[in-house]
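Take a look at the structure below.
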Amino acid sequence: MVKVKFFAVLKALVGKEEISIEMKEGSTLQQLIEQLKEDLPPLVDIMQKGGILISVNQEVLGKEAVIKDGDEVAFLPPFAGG
Amino acid sequence: MDQDRIRVQTEDFGLEEETKKLLACSKRIGGVVNFLGTARDFSKGQEIHKIDFDHYPGMAEKRLSEIRDQALKDYDIIEVTIIHRVGEISIGENIVLIVVGAEHRKDAFRACSWCIDELKRITPIWKKETTPEGIVWVEEHP
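Taken in order, these protein sequences are the chains called P and H. Heads up, the first sequence is in this note's numbering, so the first residue is 23 and it goes up one at a time. Heads up, the second sequence is in this note's numbering, so the first residue is 214 and it goes up one at a time.
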């Protein structure tokens with residue numbers, strides 16, 4: 023299982039803070055996004071808007087990154103600290 | 214990670230206390246520059262009633278630690294403390310504190326400015342403002 027976390031405005035729009043999803047061995051972040059868009063329709067508009075970073079185990083990676091069982095993926099809207 | 218120098222916390226912090234703690238780490242410090250960010254009651258033409266900060270636990274601290282390490286490497290400074298509050302913050306309260314100690318002021322000013330810019334750029338912390346018209350998740354940070 024892959025743990026997927028949503029923060030800030032994404033948490034509010036998706037309506038969930040965290041979900042777990044089963045992915046095939048060798049799946050990429052892009053494939054995870056496609057799967058999540060089916061499960062969580064609000065994510066379609068959010069991803070189209072752009073500016074969302076995705077981290078795997080707290081490191082920001084590109085959509086081609088391969089994910090594995092036990093990974094923690096997070097969708098990160100534009101930062102606004104300080 | 215230096216847990217006393219890098220903190221993400223709900224509770225308030227003391228400017229004087231943190232400055233003293235930093236000064237205690239080295240007698241070679243000849244200048245301290247502080248940046249204190251506070252919650253203001255007006256933003257983009259709208260009144261703000263309160264602010265809430267969300268963060269990614271673990272990753273936020275890691276990024277702040279990386280900023281401290283990079284500042285110590287790139288600038289001629291002696292020590293850096295970075296503290297960011299999260300959760301609900303009332304207007305006028307403290308949000309973020311950066312304390313930089315150096316032998317000379319110019320390096321301390323430059324490093325402090327770089328640290329707050331970098332914090333805003335790479336740290337997974339998000340701000341929600343409550344206005345009379347509703348809730349706004351802030352996406353820009355001048």
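Using N, Cα and C, we set each Cβ at its ideal position, and we do this for glycine too. No experiment lies behind these values; they were computed from the predicted model shown.
So which residues on chain H does residue i lean against when the C-beta distance must stay under 8 angstroms?
i	result
glutamine 80 of chain P	Tyr269, Gly271, Met272 and Lys275
proline 99 of chain P	Trp339, Trp350 and Glu352
Checking the sheet assignment: what are the DSSP bridge partners for residue i?
i	result
alanine 315 of chain H	H:Gly244
leucine 310 of chain H	H:Leu249 and H:Ile296
threonine 336 of chain H	Looking at the DSSP assignment, threonine 336 of chain H forms no beta bridge with any residue, so it has no partner.
serine 239 of chain H	DSSP, once it has assigned bridges, lists no residue as partnering serine 239 of chain H.
Tell me which residues share the same chain as residue i and place their Cβ nearer than 6 angstroms to its Cβ, disregarding the 5 neighbours each side in the sequence.
i	result
glutamine 259 of chain H	Thr344
valine 293 of chain H	Arg281, Ala284 and Val313
serine 42 of chain P	Met23 and Lys25
So residue i is in the beta strand (DSSP E); what residue range does that whole segment cover?
i	result
isoleucine 295 of chain H	292–298
valine 36 of chain P	Here valine 36 of chain P belongs to no beta strand (DSSP E); instead the alpha helix (DSSP H) covers 30–36.
arginine 220 of chain H	219–222
isoleucine 280 of chain H	Here isoleucine 280 of chain H belongs to no beta strand (DSSP E); instead the alpha helix (DSSP H) covers 272–287.
lysine 90 of chain P	Lysine 90 of chain P -> no beta strand (DSSP E), and no H or E assigned at all.
aspartate 187 of chain H	In the structure as shown, chain H begins at 214 and stops at 355. Residue 187 of chain H is therefore absent and cannot be evaluated.
isoleucine 264 of chain H	263–268
glycine 347 of chain H	347–350
What residues from chain P crowd round residue i, counting only those whose CB sits closer than 8 angstroms?
i	result
glutamate 229 of chain H	Per Cβ cutoff of 8 angstroms: no residues; glutamate 229 of chain H is ~21 angstroms from chain P at best.
leucine 332 of chain H	Gly103 and Gly104
Applying a beta-carbon distance threshold of less than 7 angstroms, which residues of chain H neighbour residue i?
i	result
glycine 84 of chain P	Here the premise fails: no neighbours, minimum Cβ distance about 16 angstroms.
Spatial neighbours of residue i within its chain, please: C-beta separation below 7 angstroms, excluding the five flanking residues on both sides.
i	result
alanine 30 of chain P	Pro99
asparagine 209 of chain H	With chain H running from 214 to 355 in the structure shown, residue 209 of chain H is simply not present.
aspartate 254 of chain H	Glu260, Ile261 and Ile304
leucine 235 of chain H	Val245, Glu292, Thr294, Val312 and Gly314
aspartate 65 of chain P	A small correction: the amino acid at residue 65 of chain P is leucine; aspartate does not occupy that position in the sequence shown. Val36, Leu58 and Lys59, listed in sequence order.
What are the start and end residues of the alpha helix (DSSP H) that includes residue i?
i	result
glutamate 229 of chain H	228–236
If you drop the 5 nearest sequence neighbours on each side, which residues of the same chain put their C-beta closer than 8 angstroms to that of residue i?
i	result
methionine 272 of chain H	Pro337
Applying a beta-carbon distance threshold of less than 9 angstroms, which residues of chain H neighbour residue i?
i	result
alanine 87 of chain P	Those do not exist, as alanine 87 of chain P stays about 16 angstroms from chain H at its closest Cβ, beyond 9 angstroms.
List the residues of chain P that residue i touches, going by C-beta distances under 9 angstroms, in chain order.
i	result
isoleucine 329 of chain H	Gly104
**Asked** Whole alpha helix (DSSP H) runs in the stretch 38–87 of chain P with 4 or more residues, listed along the chain?
**Response** With a minimum length of 4 residues, the continuous alpha helix (DSSP H) runs that stay inside the stretch 38–87 of chain P are 51–61 and 64–71.
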